[in-house]
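Mature numbering (1 follows the signal peptide of the UniProt record, and there is no 0) puts the sequence shown at residues -28 to -1, 1 to 516.
Every residue gets a Cβ at the ideal spot worked out from N, C-alpha and C, and that includes glycine.
These figures come from a predicted structure and were not determined experimentally.
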Amino acid sequence: MLEKFALRSRALLAGAALSALLVAPAFAVTPADTLVEGFAIDDIISMDPGEAFELSTAEVTGNTYDLLVRLDLSDTSKVKGDLAESWTVSDDGLTYTFKLKPGMKFASGNPITAADVAYSFERAIKLDKSPAFIINQFGITGDNVTEKAKAVDDTTFQFVVDKAYAPSFVLNCLSATVASVVDAKLVKEHVAAVTPSADYKWDNDFGNAWLKTGYAGSGQYKLREWRANEAVVMERNDNYNGEKAKLARVIYRNMKESSAQRLALEAGDIDVARNLEPNDLDAIAKNADLTTTSAPKGTVYYISLNQKNPTLAKPEVRQAFKYLVDYDALGSTILKGIGEIHQSFLPKGDLGAIDDNPFKLDVAKAKELLAKAGVPDGFKVTMDVRTGQPTTGMAESIQQTLGQAGIKLEIIPGDGKQTLTKYRARNHDIYIGQWGQDYFDPNSNAQTFASNPDNSDNAKIKTLAWRNAWDIPDLTKETDAALLEKDSAKRADIYKDLQQKILDTSPFVIIHQQLEVAGLRKNLQGFKLGPSFDTNFVWAVSKQ
């Protein structure tokens, strides 16, 4: 294995310039045909699209694999065909039939057929890794997937769901990376035998061990190499079925520190810096050779009040907290450039998202509400906070403004595992955290903020509403109804209504939506961040 790795590495790094890009601390000018990005990619654990569920991998997958349908970046409430030329939905709303574009090939040169699509769905479901739930939720299981997701002929793929869901919901889920189409012939050449067990009843691994570092896609770039905690290298796929990528290769260099990325960008060692904190972002904005860009992402930051605490369960107390956050101060300091004040649970860009921010810091209003709740002098309460920015700074700001209304907040710091474990067990008073979409559809956030099918401690479905013991049967029914509303405009109206009700009554104080930022050298053209982590496409990037 090590010998093969060394041979691949020597082939990849042929030429002193490319080698320097990957291993040297400084290299004055990146090659004209190569995009080099400084990016914290230490979260990557697998490159298999049926398994990977990390943010960095999503970007690589989005650039290297094709889907049946893909998010339409000109109107993110819609999808557009990728491998699919067209699709229809049966009158009963259960059967989706996709016609593939003719004459397409994988990077390997193998033809793309409906059988490849069917195999891609089968392996994702039978592997049953983290992202499989996105397809599972349509009633697809390992036992029925070959009947529910099948090739009718070489160019026709059929997908059968268990309920007449809103087509927009189904199609949005099929634009997630778990639905990436793999080269079945190539993958089957690399399957490993598995002894079936109670936990895994299949006799092979569907190529999972190989695809952790291998590649079997058809995107505009192909994965050349991933070296854990070092680099990801993508090369142009000359077999791509449409317009070819403008640059020959893209290299992601693992760089975790914002300051290190800024210095490398200023020196010309990298073309793009991807994980910048506000101070470094400001410095780049002042540099005549550099520029910045940003895009709102489907991640919201919030504080939540556990309704098991009888004081926090009072409706007036819940509302008082919403008037005890200094949103303007947070937006101009801690969140400057990396977050945008946004008080609704649906991020901008989602179907039905509203952009109403009705709450401002108003201590007098909060005191009125606290008096009405029977706690005019305030009370003591704790907040669990994951150590690091921006959460620590946000918590300290909220601690100060709560104090103005007599609420004494004790901050309990911890690492991510500690704070999440306590939160998931409903043992907190207040929790500050973030929630990101699992797929680009409003249900991803609505289901967790506005639904709680079972509020008992041993419930199987543990949404954010459940974690905060917020029992909401009516909102749960409304959230479920949105999934079955076929008219997109009417579906959007349901989500608008849910967001308003969450603003008015919920134990969630939603503060801001994440802005993903990047610093880049001015000779780049066509670099743009997308609305989700799998839509940061780089095939249109070129250099002057």
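Practice item. Quick one: using the 10 Å Cβ neighbour count with 16 as the cut-off for buried, is A121 buried or exposed? Key: buried
**Study point:** Close beta carbons around K184, own chain, < 7 angstroms, minus the five adjacent residues each side
**Key:** S18, M19, D20
Check your understanding: For the candidate residues E249, Q406, T128, whose alpha-carbon lies nearest to that of T271?
Key -> Ranking E249, Q406, T128 by CA distance to the CA of T271 puts Q406 first.
Exercise for review: Using three-state DSSP, classify L323 as helix, strand or coil.
Suggested key: coil
Practice item. Could you check the C-alpha separation between A24 and I16 for me, to the nearest Å? Key: 8 angstroms
Check your understanding: For the 8 angstroms Cβ check, are there 3 or more pairs between the stretch 278 to 290 and the stretch 316 to 329?
Key -> Touching, no.
Review point. Relative to the alpha-carbon of G53, which residue among K71, Y37, P348 has its alpha-carbon at the smallest distance?
Key: K71
Review point. Which full runs of the beta strand (DSSP E) of 3+ residues lie inside the stretch 118 to 154, going along the chain?
Key: 121 to 125, 128 to 132
Review point. Taking Cβ positions, are V512 and K218 nearer each other than 8 angstroms?
Key: A small fix is needed here, since residue 512 is Ala in this sequence, not Val. Against a cut-off of 8 angstroms, the Cβ pair of K218 and A512 comes out as a contact.
Exercise for review: Give the straight-line distance between the Cα atoms of F499 and M227, rounded to the nearest whole angstrom.
Suggested key: 19 angstroms
Practice item. Could you tell me the boundaries of the beta strand (DSSP E) in which Y273 lies? Key: The continuous beta strand (DSSP E) containing Y273 extends over residues 262 to 277.
Exercise for review: My understanding is that I474 touches M366, with C-beta atoms under 8 angstroms, so please give their C-beta distance in whole angstroms.
Suggested key: The pair is not a contact, with the Cβ atoms about 20 angstroms apart (cut-off 8 angstroms).
Review point. Where T69 and L296 are concerned, what is the direct C-alpha to C-alpha distance, given to the nearest angstrom?
Key: In a straight line, the C-alpha of T69 is about 51 angstroms away from that of L296.
Exercise for review: Please check the pair G240 and T2, which I expect to be a contact at CB under 8 angstroms, by giving their CB distance rounded to whole angstroms.
Suggested key: 7 angstroms
**Study point:** One or two residues paired with P224 in a DSSP bridge
**Key:** In the sequence on display, residue 224 carries Tyr and not Pro. DSSP lists E9, V204 as partners of Y224.
Point to revise | Candidates Y37, A345, K432, Y91: closest to F293 by CA position | key: A345
Check your understanding: Any idea what DSSP makes of L302, helix, strand or coil?
Key -> helix
Review point. What number of angstroms, rounded off, separates the C-alpha of S316 from the C-alpha of K194?
Key: 38 angstroms
Check your understanding: Should A96 be counted as a contact of the ligand FMN given a C-beta to heavy atom distance under 7 angstroms?
Key -> Inclusion of the ligand FMN in the displayed structure is not the case, the ligand content being empty and no account of it being possible.
Practice item. Count the other CB atoms, across all protein chains shown, that sit within 10 Å of the CB of T507; report buried if there are 16 or more and exposed otherwise. Key: buried
Review point. CB N247 to CB F11, shorter than 8 angstroms?
Key: It is a contact, given that the beta carbons lie within the stated cut-off.
**Study point:** the stretch 147 to 154 contacting the stretch 163 to 171, beta-carbon criterion three pairs below 8 angstroms
**Key:** No contact exists between the stretch 147 to 154 and the stretch 163 to 171.
Point to revise | Residue(s) in a DSSP beta bridge with G189 | key: None; G189 has no bridge partner.
Exercise for review: Tell me, please, whether the stretch 350 to 359 touches the stretch 378 to 391 by the rule of three or more beta-carbon pairs shorter than 8 angstroms.
Suggested key: A contact exists between the stretch 350 to 359 and the stretch 378 to 391.
Check your understanding: Does the beta-carbon of D5 have 16 or more other beta-carbons within 10 angstroms, so that it is buried, or is it exposed?
Key -> Counting every other CB atom within 10 Å of its CB across the protein chains shown gives D5 a total below 16, marking it as exposed.
Point to revise | Buried or exposed by the 16-neighbour rule on C-beta atoms within 10 Å, applied to N180 | key: buried
Check your understanding: Taking the C-alpha atoms as reference points, what is the distance between A431 and A236?
Key -> 49 angstroms
Point to revise | At least 3 beta-carbon pairs within less than 8 angstroms: the stretch 449 to 457 vs the stretch 479 to 496 | key: no
Exercise for review: Could you check which residue in D38, P445, F78 has the C-alpha nearest to that of K157?
Suggested key: The shortest CA-to-CA distance from K157 to any of D38, P445, F78 is the one to F78.
Exercise for review: Grab me the residues of L143's own chain with a C-beta within less than 7 angstroms of its C-beta, minus the 5 sequence neighbours each way, in chain order.
Suggested key: V41, V51
Practice item. Apply the 10 Å Cβ neighbour rule to E368 and answer buried if 16 or more other Cβ atoms are within range, or exposed otherwise. Key: exposed
Exercise for review: Alpha carbon to alpha carbon, how far is E119 from Q371? Give it in angstroms, no decimals.
Suggested key: 55 angstroms
Review point. Applying the criterion that 16 or more other CB atoms from any shown protein chain within 10 Å of the CB defines a buried residue, is P503 buried or exposed?
Key: buried
Check your understanding: CB V124 to CB A86, shorter than 8 angstroms?
Key -> yes
Review point. Which residue's Cα is closest to the Cα of G34: G191, T265, A200, L55?
Key: G191
Practice item. Just the C-alpha distance for V117 and I97, rounded to the nearest angstrom, thanks. Key: 7 angstroms
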